[in-house]
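Numbering (the UniProt record's numbering), first residue to last: 1 to 552.
Contents: one structure, followed by commentary.
Right, here's the structure in full:
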């Protein structure tokens with residue numbers, strides 16, 4: 001094997017930036033001069049293999065290993081000087097990046113390198129985003145306004161909606177920057193989190209290997225929580241119809257038992273294309289049902305008499321969690337953008353995201369405010385339960401139609417949880433198992449049983465929505481995007497810009513953390529009180545908060 005051959009092979013493999021592990025293996029030395037590799041070919045090949053393995057571990061999963069973050073100067077994309085350390089790098093010496101390589105990075109366009117079999121247009125993406133927001137969350141908005149009041153509820157929904165939209169923009173911008181640097185067409189949420197931490201300060205790099213697991217944990221809890229909400233929603237609406245329309249005395253738990261086997265069967269469907277026709281029907285049913293609900297809301301003119309402009313401070317965390325659950329669609333944002341024909345149109349002042357979020361916020365404010373003005377404090381966890389199903393068949397029809405639509409959606413929501421558990425963890429442990437197929441169906445069944453068990457134990461729709469909204473979406477929708485942006489641009493902005501970014505994102509993280517802690521605690525306290533016949537006030541502060549309004 002000649003020296004020229006070795007040099008060409010190494011140059012091709014490492015993109016003209018060669019890494020050699022030193023003899024003591026305590027430092028990774030980077031050098032571009034291939035003439036240093038002329039001695040001891042066998043040792044060099046062995047060391048190159050070790051260096052390649054090191055680079056693979058540092059790049060993390062689901063990213064392009066040919067890209068090395070250390071090839072860039074902290075403050076810019078300009079080449080660095082020989083043997084100059086970046087602050088925080090331990091034993092890693094940087095070398096000049098050739099102008100050709102720098103130009104390749106600057107010219108790489110992730111959008112142009114995506115291969116999508118059936119790309120969606122801007123209008124189709126907008127409709128998908130709007131369709132994804134029409135579920136149990138919007139039906140709970142009148143109950144959320146009952147907790148906040150119609151003035152605070154309106155302002156609060158707009159503020160939370162704008163904040164959610166901003167955080168989505170932050171996440172999209174960070175993902176684009178990471179894709180451009182790593183020369184990959186797209187990144188998932190979990191991969192973006194890990195890649196961002198790898199580019200942040202040292203303490204973030206230490207946490208990078210755990211980032212994907214943390215994000216997956218929150219996504220998994222959120223999806224399972226959503227499935228629990230769906231089980232309660234379907235069961236309560238069917239129970240209302242059976243009791244009020246047909247006079248059959250049945251409990252919510254008994255209805256849950258009735259739908260358990262169908263839920264297991266629908267989650268045994270491994271290919272979503274078989275659910276597509278039912279999903280299309282469910283979407284049409286949902287739109288028709290929402291029209292009928294609006295008819296009932298405005299059939300009698302809503303009035304502010306007996307309604308409060310501001311609720312109690314102690315109830316605001318429940319409002320916060322419900323609005324987050326209803327508005328936040330962080331789990332579908334990246335997949336929708338990745339499937340677009342013109343992904344550049346997703347963001348921007350008049351992009352798909354802004355148009356969709358403006359429509360969603362207005363729709364949610366309208367449903368929440370007018371639903372509360374119509375039903376007042378009697379607004380249930382789902383406004384469908386306020387419809388006059390005892391006297392009008394149309395109301396019962398709406399409840400049945402939405403129960404069917406959400407039942408189908410349960411299979412789609414569980415699909416995400418199954419995908420995370422099976423493809424990321426359990427499935428990898430059973431690659432050589434002859435019973436791998438059976439274990440997958442066991443997992444699908446167990447997930448349904450878990451959602452059924454939680455829903456049966458606490459059949460409180462409003463508290464479930466608030467709990468999982470505060471617990472998961474405060475992190476996934478607010479705190480995590482801010483952290484990802486901070487790490488992504490830590491070494492790529494000036495000192496003054498970094499300070500402004502840290503202050504701005506710290507406020508978002510603190511807001512999200514407070515929402516997570518306070519919202520989760522309030523929801524759990526409400527669940528506990530539901531099962532306590534004589535639940536005492538925990539302390540004097542709670543007593544004061546219960547009597548304090550959000551407005552003077």
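No residue lacks a Cβ here, since even glycine has one placed at the ideal position from N, Cα and C.
Take residue i as the anchor and find which of the options has the nearest alpha-carbon.
i, options, result
"residue 371", "303, 428, 318 and 431", "303"
"residue 384", "195, 236 and 298", "236"
"residue 297", "446, 387 and 357", "387"
"residue 422", "223, 375, 216 and 440", "440"
"residue 171", "293, 475, 117 and 513", "475"
"residue 310", "156, 525 and 478", "156"
"residue 521", "247, 200, 267 and 463", "463"
"residue 142", "375, 519, 394 and 301", "375"
"residue 221", "501, 454, 153 and 497", "454"
"residue 295", "276, 395, 269 and 261", "395"
"residue 417", "216, 163, 368 and 271", "216"
"residue 335", "490, 189, 400 and 519", "189"
"residue 160", "234, 531 and 515", "515"
"residue 380", "113, 117, 112 and 140", "140"
"residue 169", "485, 503, 274 and 291", "485"
The alpha helix (DSSP H) with residue i in it runs from where to where?
i, result
"residue 400", "393–421"
"residue 437", "436–457"
"residue 262", "252–267"
"residue 128", "122–133"
"residue 374", "352–375"
"residue 529", "495–530"
"residue 237", "202–240"
"residue 245", "First-last for residue 245: undefined, no H or E at that position."
"residue 487", "480–488"
"residue 136", "136–139"
"residue 461", "461–468"
What separation, rounded to the nearest whole angstrom, lies between the Cα atoms of residue i and residue j?
i, j, result
"residue 308", "residue 322", "19 Å"
"residue 212", "residue 191", "7 Å"
"residue 166", "residue 338", "19 Å"
"residue 493", "residue 178", "14 Å"
"residue 377", "residue 312", "13 Å"
"residue 250", "residue 242", "7 Å"
"residue 150", "residue 390", "28 Å"
"residue 123", "residue 203", "42 Å"
"residue 254", "residue 398", "21 Å"
"residue 404", "residue 282", "7 Å"
"residue 427", "residue 121", "34 Å"
"residue 115", "residue 182", "17 Å"
"residue 451", "residue 218", "16 Å"
"residue 194", "residue 108", "21 Å"
"residue 419", "residue 267", "12 Å"
"residue 406", "residue 525", "27 Å"
"residue 458", "residue 257", "15 Å"
"residue 348", "residue 173", "11 Å"
"residue 354", "residue 366", "18 Å"
"residue 373", "residue 293", "14 Å"
"residue 513", "residue 132", "26 Å"
Does the distance from the CB of residue i to the CB of residue j come in under 9 Å?
i, j, result
"residue 158", "residue 361", "yes"
"residue 511", "residue 225", "no"
"residue 147", "residue 318", "yes"
"residue 483", "residue 509", "yes"
"residue 239", "residue 252", "yes"
"residue 330", "residue 481", "yes"
"residue 187", "residue 328", "no"
"residue 326", "residue 528", "no"
"residue 471", "residue 332", "no"
"residue 110", "residue 341", "no"
"residue 487", "residue 447", "no"
"residue 285", "residue 401", "yes"
"residue 369", "residue 154", "yes"
"residue 478", "residue 263", "no"
"residue 135", "residue 269", "no"
Is residue i a contact residue of the ligand COA, with contact defined as CB to any heavy atom under 8 Å?
i, result
"residue 199", "Absence of the ligand COA is noted for the structure shown, with no ligands found whatsoever."
Are any of the Cβ atoms in chain B nearer than 9 Å to that of residue i?
i, result
"residue 155", "Protein chain content of the structure displayed is limited to a single chain, and chain B is not contained in it."
Quiz item: Could you give the uninterrupted runs of the alpha helix (DSSP H) lying entirely in the region 279–340, keeping only those of 4 residues or more?
Solution: 316–327 and 330–338
Quiz item: Hey, which unbroken runs of the beta strand (DSSP E) at 3 residues or more fall wholly within the region 161–192?
Solution: none
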